[in-house]
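Student: Numbering-wise, the sequence shown is residues 745 to 882 according to the working numbering.
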Amino acid sequence: MSEQNDRRGIGWVRPELERLLESVRDALQRTAEGDPDASLSEAVVALHQSWGARAMVEAHAAAEVARGMEVVAEALRDEQVPDRAAAIDALMHAVVELPTLLQAMEQGEPVGSLSALSTALRAVLGLDPPSSAREPDL
Numbered sequence: 745m746s747e748q749n750d751r752r753g754i755g756w757v758r759p760e761l762e763r764l765l766e767s768v769r770d771a772l773q774r775t776a777e778g779d780p781d782a783s784l785s786e787a788v789v790a791l792h793q794s795w796g797a798r799a800m801v802e803a804h805a806a807a808e809v810a811r812g813m814e815v816v817a818e819a820l821r822d823e824q825v826p827d828r829a830a831a832i833d834a835l836m837h838a839v840v841e842l843p844t845l846l847q848a849m850e851q852g853e854p855v856g857s858l859s860a861l862s863t864a865l866r867a868v869l870g871l872d873p874p875s876s877a878r879e880p881d882l
């Protein structure tokens, strides 16, 4: 797919991605506030859909971050994170940053922050940053 088609593809799915991220943000907010009815499972499903949409339009770096978010949300849901607050913070930061980064990708601007988001998500799981650009992120 050409760079122009990549950008157009992101433009096609961006409204849906932003809707999914909003539902993730809401679930995380309720979880952080101690709401017993908050469903991290809903956030995991939304992140999985988000990951699939990004992969479909070949936004691979953004898809990798969405996949990392999904892994962290699953670990949070399953109480498998060493620091619950840090995991929620990392996910919330990614939820806030991704729409801006997607917009930059759509406009053909560089988006170096994706690797920083990915590294932060790895850190809450106790994983080291990837040692090379070719190593799978999460």
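The C-beta atom is built at its ideal place from N, Cα and C for all residues, glycine as well.
Keeping to the same chain, check which residues put their C-beta closer than 8 Å to that of residue 878; ignore five residues upstream and five downstream.
Tutor: Reliability of the predicted coordinates at residue 878 is poor, the pLDDT of 44 falling under 50, and no value is obtained from them.
Student: Would you tell me roughly how many angstroms separate the C-alpha atoms of residue 873 and residue 756, rounded to the nearest one?
Tutor: 31 Å
Student: Please state the DSSP three-state secondary structure of residue 823.
Tutor: coil
Student: Less than 6 Å between C-beta atoms, sequence neighbours within five positions excluded: which residues of the same chain meet that for residue 836?
Tutor: Same-chain partners within the cutoff: 772.
Student: Using the rule of at least 16 other Cβ atoms within 10 Å of the residue's Cβ for burial, across every protein chain shown, is residue 753 buried or exposed?
Tutor: buried
Student: Identify whether residue 880 lies in helix, strand or coil by the three-state DSSP scheme.
Tutor: Here residue 880 scores only 45 on pLDDT, less than 50, and its place in the model is too uncertain to base an answer on.
Student: CB-CB under 6 Å to residue 794, same chain, minus the five flanking residues each way: which ones, in chain order?
Tutor: 761, 764, 810
Student: Could you pull out every residue in the same chain whose Cβ sits closer than 6 Å to the Cβ of residue 892, ignoring the five residues on either side in sequence?
Tutor: The structure shown does not extend to residue 892, since the chain is modelled only from 745 to 882, so the question has no answer here.
Student: Should residue 853 go down as buried or exposed, given a rule of 16 or more other Cβ atoms within 10 Å for buried?
Tutor: exposed
Student: Answer yes or no: do residue 816 and residue 865 have a C-beta to C-beta separation smaller than 9 Å?
Tutor: A contact, by the Cβ cut-off of 9 Å.
Student: Can you tell me where the alpha helix (DSSP H) with residue 847 in it begins and where it stops?
Tutor: That run of the alpha helix (DSSP H) goes 828-850.
Student: Determine the extent of the alpha helix (DSSP H) in which residue 868 is found, giving its start and end residues.
Tutor: 857-868
Student: Residue 831 and residue 819: beta carbons closer than 9 Å?
Tutor: Contact flag set, yes.
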